[in-house]
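This report concerns only the one structure given below.
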Amino acid sequence: MPNISEDAATDSAHVTNVHDPKKQKAAHDVDEDMQNADLGEANESRVENVVPQVENMEHQNRTDDDNSYANTFAHDIDQADEFDLGDDRAFQQWMQSICLHCLYQGELIGHAFGRHINRGMIRHDFYRVMEEPCQDISDVAFEVFDRYGSLKKEFKDHSVRKASGAWSSELDEGNLLLIVTVSADKSWRRKCIAAFMVEAVMTRAKGRRPSKYSALGMAFTLTISACLNGVIDDESKGMSLKDRRAVRGAHCDASTAFFRSIGFHRGGARSPRVSRFS
Numbered sequence: 001m002p003n004i005s006e007d008a009a010t011d012s013a014h015v016t017n018v019h020d021p022k023k024q025k026a027a028h029d030v031d032e033d034m035q036n037a038d039l040g041e042a043n044e045s046r047v048e049n050v051v052p053q054v055e056n057m058e059h060q061n062r063t064d065d066d067n068s069y070a071n072t073f074a075h076d077i078d079q080a081d082e083f084d085l086g087d088d089r090a091f092q093q094w095m096q097s098i099c100l101h102c103l104y105q106g107e108l109i110g111h112a113f114g115r116h117i118n119r120g121m122i123r124h125d126f127y128r129v130m131e132e133p134c135q136d137i138s139d140v141a142f143e144v145f146d147r148y149g150s151l152k153k154e155f156k157d158h159s160v161r162k163a164s165g166a167w168s169s170e171l172d173e174g175n176l177l178l179i180v181t182v183s184a185d186k187s188w189r190r191k192c193i194a195a196f197m198v199e200a201v202m203t204r205a206k207g208r209r210p211s212k213y214s215a216l217g218m219a220f221t222l223t224i225s226a227c228l229n230g231v232i233d234d235e236s237k238g239m240s241l242k243d244r245r246a247v248r249g250a251h252c253d254a255s256t257a258f259f260r261s262i263g264f265h266r267g268g269a270r271s272p273r274v275s276r277f278s
């Protein structure tokens, strides 16, 4: 059961009171994106009137107010054991599932799901092995990495695809954490619960003992942009292809805004689905 302490939050985004007009505009943009994706009403009240700061977030701590709020739920967090989720035994050799349920007063208010991947064990046949468990893992493998599990060269050197240059050769080594799903009850959105769950999953993954195949241990967290709400398929049932694309696009935009607000960086100009946190 993770405790979200100041030490554990070292790599998280800074959360601050909104006074500066530029920060207010950034907050409004996130509100608008999330409203379009039905992730909550714009300008909905926040705990202590705080929002994630969009710029200058890397390697900063959360404020005491935000830590205090998140810690009020720490004793109600329940995590499933890593091998009780029905994973195939062959997958367990190089991949473990992390399933986190967030409860308040016995009521489930959110859940998160991630895959902790030991890249060193599968480099010899990276594409084939990553293709087997599920489509999300396969998509990330083929979109971001080469056949040996290193970051594709175009994300490092290409004048367009490298975008801001936030991704580099440092992603070539170490284990990976892929956050597949983050979902908060609608009444609990805009209260830092989603950020709290992401942080808890990351903390759980970082606590794993490094294996002999990867002395660096857990190095990077990746997320798929459409993972935030986890209800895209339900909302788009019975819709036309055009409407389904619109629903998915709205969720992806809102999800991207959320993950950027807590310190993730988009992979590149043509990699809108995957973001990383270092």
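In the UniProt record's numbering, the protein residues as written are 1 to 278.
C-beta atoms are modelled at their ideal positions from N, C-alpha and C, and glycine is treated no differently.
Distance check for residue j and residue i, CA to CA, integer angstroms please.
{"i": "residue 151", "j": "residue 238", "result": "38 Å"}
{"i": "residue 86", "j": "residue 97", "result": "Any reading at residue 86 is ruled out, since the residue's pLDDT is 49, under 50, leaving its predicted position unreliable."}
{"i": "residue 261", "j": "residue 254", "result": "11 Å"}
{"i": "residue 59", "j": "residue 92", "result": "Residue placement at residue 59 cannot be trusted, given a pLDDT of 25 that sits under 50; what the coordinates show is reported in the next sentence. Using only the alpha carbons, I get a separation of about 32 Å."}
{"i": "residue 187", "j": "residue 118", "result": "36 Å"}
{"i": "residue 229", "j": "residue 247", "result": "For residue 229, the predicted model reports a pLDDT of 47, less than 50, meaning its position is unreliable and no value from the coordinates is stated."}
{"i": "residue 154", "j": "residue 139", "result": "17 Å"}
{"i": "residue 180", "j": "residue 242", "result": "25 Å"}
{"i": "residue 142", "j": "residue 240", "result": "28 Å"}
{"i": "residue 256", "j": "residue 184", "result": "16 Å"}
{"i": "residue 120", "j": "residue 172", "result": "10 Å"}
{"i": "residue 146", "j": "residue 251", "result": "28 Å"}
{"i": "residue 148", "j": "residue 174", "result": "13 Å"}
{"i": "residue 116", "j": "residue 190", "result": "27 Å"}
{"i": "residue 90", "j": "residue 130", "result": "12 Å"}
{"i": "residue 245", "j": "residue 111", "result": "25 Å"}
{"i": "residue 249", "j": "residue 144", "result": "20 Å"}
When you compare each of the options to residue i by their alpha carbons, which one comes out closest?
{"i": "residue 113", "options": "100, 258, 257, 254", "result": "100"}
{"i": "residue 132", "options": "102, 95, 192, 182", "result": "95"}
{"i": "residue 156", "options": "117, 200, 170", "result": "170"}
{"i": "residue 182", "options": "244, 240, 190, 195", "result": "195"}
{"i": "residue 205", "options": "184, 259, 176", "result": "176"}
{"i": "residue 258", "options": "198, 172, 153", "result": "198"}
{"i": "residue 200", "options": "148, 221, 250", "result": "221"}
Between which two residues does the beta strand (DSSP E) harbouring residue i extend?
{"i": "residue 115", "result": "107-117"}
{"i": "residue 101", "result": "95-104"}
{"i": "residue 137", "result": "Note, residue 137: premise wrong, no beta strand (DSSP E); alpha helix (DSSP H) at 135-144."}
{"i": "residue 183", "result": "175-184"}
Thinking residue i and residue j are a contact (beta carbons under 8 Å), I'd like their distance in whole angstroms, please.
{"i": "residue 264", "j": "residue 203", "result": "Their Cβ separation, rounded to whole angstroms, is 16 Å, which puts residue 264 and residue 203 out of contact at 8 Å."}
{"i": "residue 137", "j": "residue 178", "result": "6 Å"}
{"i": "residue 134", "j": "residue 193", "result": "Wrong, their Cβ atoms sit about 25 Å apart, outside the cutoff."}
In the DSSP assignment, find the unbroken alpha helix (DSSP H) run with residue i in it and report its ends.
{"i": "residue 193", "result": "193-206"}
{"i": "residue 127", "result": "126-131"}
{"i": "residue 259", "result": "241-261"}
Under the criterion of a Cβ to heavy atom distance below 7 Å, does residue i qualify as lining the ligand MG?
{"i": "residue 170", "result": "Absent from the structure shown: the ligand MG. Ligands present: none."}
Check your understanding: Pairing CB atoms from the segment 123-131 with CB atoms from the segment 100-109, are three or more of them under 8 Å?
Key -> no
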